[in-house]
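The structure appears below as structure tokens.
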Amino acid sequence: MYDIRWIRENAAAFDKGLERRGLAPLSSSLLELDDVRRSSIAKAQATQERRNALSKEIGKAMGAKDVALADKLKAEVAALKEQQPALEAEEKAAKDALDEKLAAIPNAPFDDVPDGADEHGNVVLHVHGVKPEERGLLKGVNAPKQHFELGEALGQMDFEKAAKLSGSRFVVLQSQIARLSRAIGQFMLDTHTEEHGYTEVNPPLLVRDDAMFGTAQLPKFREDQFRAGEDHWLIPTAEVPLTNLARESILSEEELPLRFTALTPCFRSEAGSAGRDTRGMLRQHQFEKVELVSITAPEKSREEHERMLACAEAVLKKLDLHYRVMTLCTGDMGFASQKTWDIEAWLPGQKTYREISSCSVCGDFQARRMNARYKTKDGKGPFFVHTLNGSGTAVGRALIAVMENYQNADGSITVPDVLVPYMRGVTRIEKAA
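Residue numbers for the sequence shown follow my numbering, beginning at 3 and rising by one.
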């Protein structure tokens, strides 16, 4: 969310940012709304100042025993008082109209974000490792299978039963694949808490409107969310509760950075994904993800973004997965982001890269919506904090990557070395006898 004063002082830069997002200029219309708001405030203030002045004149008239004048002045005060509710309503309406427009505008991209209309404009930042097919890891596997083919053949991944229970875009995992999924999540949590300094959080899965507004899921992306009763939403990601831990707070600079991680179920309606990834686990209404969130001082956020990416990459390196990191272009990055790096894992069964993690720096965009601030060591401020979020990583997609990259010719799946302790020594997942 933007500071209208900044827009007034930097109208050209603001419109340039919108243009890079593929949007028309908005500064003029926003400033017109702000002029209405400022005019209504001025009218209300002038009315109050007149009432204050009249009160003093009434006192003088009463002191001079000029009853007629005092009564006349009192009548004027009464008339002004009657106007006050209408003036306050006018001011509120003007403020609400401006806030509604501001809330629907995406964050401005950094200058070093590539311009582009969609995912085809994304740019490769770097690549880690080589494809398993090129280093002999898929020996005897002439035509690598997709994860759902492997899981269904093993009898441990069932989409039909899930559909009977809940409809499309759900899955039932069983036996060792269910355990492998759990192992991946626990391994990621342990890595981020024990090696990367994140504090583990077990947050609520239901949040209120204000929390969803704070991280910018509302109001623009209402159709992508699951409503739970009149007062709550199911979280689409733990970014929502973790980032909102700083809402309506004034932190000290010494407390920063705050780094949180959580492994939670996530819920998304996938309203705009009809017909996409209908087979398998890639795009589900319910999935698990390890979330990373950082709250920093403004001058540290770019550095923290690089650190967060490295933390997410470390997980994939430990799993010995081939991946690439993409810098998202202006047309593909998220609404609240100033810059986003996506990590895309290679899936031999699909013969393509697919997103497994996304790390974004949001500047003070979410902090303004949450009123999350801090004071410097010398007591200056409060200033808005900067927020960052990332996947560390998506558990279901990591499971997909492990299954497809570690498949064997007989349909079994080798357990990556780093996960064997979490599997209590199981090194291979096979079909039950």
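By construction, the Cβ of each residue, glycine as well, lies at the ideal position given by its N, Cα and C atoms.
Taking 3 residues as the shortest admissible run, the segment 99 to 156 contains the following complete beta strand (DSSP E) segments, listed from N- to C-terminal end: 125 to 130.
Your pair H149 and G413 does not check out as a contact, with CB atoms roughly 12 Å apart and the cut at 8 Å.
Under DSSP, no beta-bridge partner is assigned to P243. The beta-carbon distance between F228 and L236, rounded to whole angstroms, is 4 Å. This is short enough to meet the 8 Å contact definition. Ranked by Cα distance from V428, the first of S177, S296, L207 and T201 is S177. A straight-line Cα-Cα distance of about 10 Å links E202 and V292.
A Cβ-Cβ separation of about 10 Å leaves R371 out of contact with F386 under the 8 Å criterion. Under the three-state reduction of DSSP, K45 is assigned to helix. One thing to note: V397 has its Cβ no nearer than 9 Å to the Cβ of F269. Excluding its 5 nearest sequence neighbours in each direction, A314 has C-beta neighbours in its own chain below 8 Å: L294, I345, S359, C361, G392, S393, G394 and T395, listed in chain order. The beta-carbon distance between L191 and L247, rounded to whole angstroms, is 17 Å. This is too long to meet the 8 Å contact definition. The beta-carbon separation of L258 and T217, rounded to 19 Å, does not stay under the 8 Å limit for a contact. The segment 46 to 55 and the segment 17 to 36 do not touch, with fewer than three beta-carbon pairs separated by less than 8 Å. Under the Cβ criterion (8 Å, minimum of three pairs), the segment 141 to 156 does not count as touching the segment 249 to 258.
A direct Cα-to-Cα measurement between L33 and P116 gives close to 29 Å.
L401 and A106 have their alpha carbons spaced roughly 35 Å apart. Around F262, the same chain offers T201, V203, L244 and V295 as residues with beta carbons nearer than 6 Å, after the five sequence neighbours per side are excluded.
Here the alpha carbons of G336 and L139 stand approximately 35 Å from one another. Taking all protein chains shown into account, Q86 has fewer than 16 neighbouring C-beta atoms within 10 Å of its C-beta and is therefore exposed.
For N204, DSSP assigns no beta-bridge partner whatsoever. When DSSP reads this structure, A13 sits in no beta bridge, so it has no partner. Within the segment 25 to 97, the runs of alpha helix (DSSP H) that reach at least 4 residues and sit entirely inside it are, in chain order, 29 to 65. Rounded to the nearest angstrom, the gap between the Cα atoms of K58 and C364 is 51 Å. With respect to the 9 Å criterion, A77 and M64 are not classified as neighbours on the basis of their beta carbons.
C331 is bridged by DSSP to nothing; it lacks a bridge partner. The three-state secondary structure of P267, taken from DSSP, is strand. As the crow flies, the alpha-carbon of R184 is around 38 Å from that of A110. In this structure T332 touches R23 by the C-beta definition: roughly 6 Å separates them, less than 8 Å. When only Cα atoms are considered, I43 and E93 end up about 6 Å apart. Assignment of beta-bridge partners to W343 by DSSP yields T329 and C361.
For P134 and T354, the gap between their C-alpha atoms comes out near 12 Å. For S168, the uninterrupted alpha helix (DSSP H) segment begins and ends at F161 to S168. Where H307 is concerned, there is no enclosing beta strand (DSSP E), although the alpha helix (DSSP H) around it starts and stops at S303 to K320.
A straight line joining the alpha-carbon of D211 with that of H234 spans about 7 Å.
According to the DSSP secondary-structure assignment, G392 is paired through a beta bridge with L294 and C361. Counted as a single uninterrupted DSSP element, the beta strand (DSSP E) harbouring H234 occupies residues H234 to L236.
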